[in-house]
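Chains as they are written, first to last, in the working numbering: chain H, 1085 to 1285; chain R, 1081 to 1258. Ideal placement from N, C-alpha and C gives every residue a C-beta, glycine not left out. Computed from a predicted model, the values in this text were never measured in an experiment. Working notes, beginning with the structure itself.
See the structure below:
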């Protein structure tokens, strides 16, 4: 019993790499622990990409099934989380394509590499003092208005704290494009805040 | 003033806040900050803005259904391709053959010694293979008599068909693995 308790507590101390080795060797609890570790961040990322709770759960499940089926192909030259986000990124983009969620914004850019602003209409007039929770709602709503290709980068950078290099690996974009698109996305968000009457950024 | 603005490293300010500039570029940008009040104020705005983004987007992880992990793991494990590599399939085949041999030995256990048991199993296999080929020969002869082809053509077509089926199934499984 004591030995069992030790095994139980130690699986949480194992690194992702050790869990993967265990899972590939047929240890069921290795994969389960990986799912437990990453299910929330992946679901949140996918949810913010798609904006729909049910689809986010479905796509997350799809992501982990894909992970399970390709675990033996995972190469430790990548960070596991980067590899996982790449699968989640592809699954979210696929889902958008299948469901034709503004497909033109996934990749299509204007000739100068910029996107059209998509401002939500009928916003209430701005107030001066807003609570932080209102701020958060506002930021969430602005993120939703971003074209998916920009939203993706903002979520990976600010929601998941990925470095530019990791974002480049996840999205398959060149590093320069990542940097440039993040810059444009943030400028676009700040413009949207100004449109909504927020100043100070 | 406009020419100065054009030289301002706006795109690099956010990257600077993100800590993503090379050391050399970082020093250049810092020198610029000390000379350009506008960029310095832009830097502060960017910091506040990026902090607000971090705080908002790192919070609010979704509530998951209580059994979500279990459901995901169960679904993943039931997806057939799974972690099973081709090597494992050979292992499975090996075990199956071993088990069936054991069963055959058990069937022949009335024999008094191991040699008799082995010969019983061997004669069973021999009869099995003999019957199999007799069966195939009968089928081929019947098919050939029904069609305008000769028996050898039917055998040839069957072999081609089997090879094609094997090839297609391998292609499909390699595409699925990719």
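If you draw a straight line from the Cα of residue 1255 of chain H to the Cα of residue 1248 of chain R, it comes to about 33 Å.
Those residues of the region 1124-1154 of chain H placed with their C-beta closer than 8 Å to a C-beta in chain R are 1124, 1125, 1127, 1128, 1131, 1132, 1137, 1140, 1141, 1144, 1145, 1148, 1149, 1151, 1152 and 1153, ordered along the chain.
Look at residue 1114 of chain H here: in three-state DSSP terms it is helix. Judged by DSSP secondary structure, residue 1119 of chain R falls within the alpha helix (DSSP H) whose first and last residues are 1117-1137. Between residue 1172 of chain H and residue 1104 of chain H, the CB-CB gap reaches or exceeds 7 Å. Distance from residue 1220 of chain H to residue 1136 of chain R at the Cβ level is roughly 5 Å; contact confirmed, criterion being Cβ atoms closer than 8 Å. Taking each of H/1164, H/1132 and H/1151 in turn and checking the Cα distance to residue 1176 of chain H, the smallest one comes out for H/1132.
The alpha-carbon separation between residue 1218 of chain H and residue 1225 of chain H amounts to approximately 10 Å. For residue 1226 of chain H, the nearest beta carbon of chain R is not closer than 7 Å to its own beta carbon.
Separation of the CB atoms of residue 1204 of chain R and residue 1173 of chain R is rounded to 20 Å, and the pair is thereby denied contact status at 8 Å. CA-to-CA, the gap between residue 1153 of chain R and residue 1149 of chain H works out to about 8 Å.
Listed in chain order, the alpha helix (DSSP H) runs fully inside the region 1217-1270 of chain H are 1232-1238 and 1248-1255, counting runs of at least 4 residues. Listed by position along chain R, the residues whose Cβ is nearer than 8 Å to that of residue 1219 of chain H are 1132 and 1136.
Non-local beta-carbon contacts of residue 1241 of chain H in its own chain, meaning distances under 7 Å to residues more than five positions away in sequence, involve 1251 and 1266 in chain order. Distance from the Cα of residue 1274 of chain H is smallest, within the candidate group H/1262, H/1117 and H/1223, for H/1223. Neighbours of residue 1153 of chain R across chain H, judged by C-beta separation under 7 Å: 1115, 1116 and 1119. DSSP places residue 1197 of chain R in the uninterrupted alpha helix (DSSP H) bounded by 1194-1226. For residue 1238 of chain R, the closest of R/1223, R/1228 and R/1251 by C-alpha to C-alpha distance is R/1223.
Straight through space, the alpha carbons of residue 1142 of chain R and residue 1136 of chain H are spaced by roughly 11 Å. 1238, 1239, 1241, 1242, 1243, 1244, 1245, 1247, 1248 and 1249: these are the residues of the region 1232-1251 of chain H whose beta carbon lies less than 9 Å from some beta carbon of chain R, given in chain order.
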